[in-house]
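> Residue numbers (our numbering): 1 to 373.
Okay, structure coming up:
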């Protein structure tokens, strides 16, 4: 891409490499197809209808969202099969029922008291609701302990309510992001599947068989050696973009990363440069410090149109609209006030959510912009 095209952009800019995006979408679709599982991608990464449609066109069986606002926007754009993958709270039940009256919406629970609220509200609204049970496979954030009696009791409670339909079980191996090696991620992926397979078999013995057995995190899906026959669905999200955390984990290469942030240099000093991309463009995600303690708040490319990460520099400080890049004697790049800097964020999902649109790059041209919700 020419410097002239880049220089006309008002930085900071969310850049999206179309070819890499498509390759990533195609690759995950192939993983799902080869392993005979349904793909229900998490759209919280991109929050973009155009990207969601690309995923559906490649065979995704619906989408996953993390807010009911996401569900509403995508439902209004023609998406008819959505899983709201955060345990629902009482105040969100009316909106969920409104959405469930016009699309196939699945909500998740891990508390019997919420099941009572769902049942009462669904009867008043005269709307049936699909419900899944969240399972803790090791992250220890939300979810039932699958080996407990209360887990089976929760499923039976859902199944006994006439307006609620038990659809299956769902988990997220988010602790894979704390792994220090590919082998460790593979072990977590195996554990994730084993936990869900055992629980699915238990539920069948208890005569409440799950229709859906859903797992998902980008590292455990990408790096899994195989998928247990009990697994019916995967829900990765970050794979469409990838980011520096995924590079450090070994999930992908730098050349796979489709989302970057373009910034302008606004100050040059002997020991540092300052750019116009701060926390409101990159987020303050500290990144994979357990792997690279000096990863900073993102990685800087050696050139605005190059794909090699620079050495000897650290994006070490962010304020709201400023980013500071510390220079060391080992720096293999020099900077001038006229330069543009391209950054690979630590966490593309968070960084992307801070923008209102993507500038889509096809070949050597900024071809179009895509709005985010």
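Ideal placement from N, C-alpha and C gives every residue a C-beta, glycine not left out.
Cα separation between residue 67 and residue 43?
Their Cα atoms are separated by approximately 10 Å.
> What's the gap between the Cα of residue 22 and the Cα of residue 47?
Spanning the two alpha carbons is a distance of roughly 16 Å.
> Among 373, 366, 371, which residue has its Cα nearest to the Cα of residue 7?
Ranking 373, 366, 371 by Cα distance to residue 7 puts 366 first.
> Report yes or no: do three or more beta-carbon pairs, one from the region 163-173 and one from the region 124-131, lie closer than 8 Å?
Contact between the region 163-173 and the region 124-131 is present, because at least three Cβ pairs lie under 8 Å.
> Would you tell me roughly how many angstroms separate the C-alpha atoms of residue 189 and residue 173, rounded to the nearest one?
Each residue's Cα considered, the two are about 7 Å apart.
> Whole angstroms is fine: what's the gap from residue 300's alpha carbon to residue 29's?
If you take the alpha carbons of residue 300 and residue 29, they lie about 30 Å apart.
> Based on Cα-Cα distance, which residue from 60, 5, 361, 11 lies nearest to residue 25?
It is 60 whose Cα lies nearest to the Cα of residue 25.
> Let me know the secondary structure DSSP gives residue 299 once reduced to three states.
If DSSP states are grouped into helix, strand and coil, residue 299 belongs with the strands.
> So, is the C-beta of residue 118 closer than 7 Å to a C-beta in chain D?
No chain D appears in the structure shown, which is made up of a single protein chain.
> On the CB-based measure, 16 or more other CB atoms within 10 Å of its CB, does residue 294 come out buried or exposed?
By the neighbour-count rule (16 or more Cβ atoms within 10 Å), residue 294 is not buried but exposed.
> Run the CB neighbour count on residue 10, radius 10 Å, all protein chains shown included, and call it buried at 16 or more, exposed below.
The residue is exposed, with fewer than 16 neighbouring Cβ atoms inside 10 Å.
> Cα separation between residue 87 and residue 329?
In a straight line, the C-alpha of residue 87 is about 50 Å away from that of residue 329.
> Can you list, in chain order, the residues of its chain with a C-beta nearer than 7 Å to that of residue 182? Leave out the 5 residues immediately preceding and following it.
For residue 182, where only same-chain residues beyond five positions count, the Cβ hits under 7 Å are 223, 250.
> Output the distance between the C-alpha atoms of residue 283 and residue 58, rounded to the nearest integer angstrom.
Cα to Cα, the separation comes out at about 31 Å.
> Is the beta carbon of residue 276 sitting closer than 7 Å to the one on residue 12?
Yes.
> Given residue 186, which residues of its chain have a CB within under 8 Å of its CB, disregarding the five upstream and five downstream residues?
Hits under 8 Å: 223, 224, 225.
> Looking at the strands, I want to know which residues DSSP matches up with residue 317.
Answer by DSSP bridge pairing, in chain order: 324.
> Say whether the region 209-224 touches the region 91-102, bearing in mind that this needs 3 or more beta-carbon pairs closer than 8 Å, one atom from each stretch.
No, the region 209-224 is not in contact with the region 91-102.
> CB residue 83 to CB residue 135, shorter than 7 Å?
Result no, Cβ atoms of residue 83 and residue 135 do not sit closer than 7 Å.
> Within its chain, find whatever has a CB closer than 8 Å to the CB of residue 15; leave out the 5 residues flanking it on each side and keep chain order.
Around residue 15: 259, 260, 261, 262, 342, 358, 359, 361.
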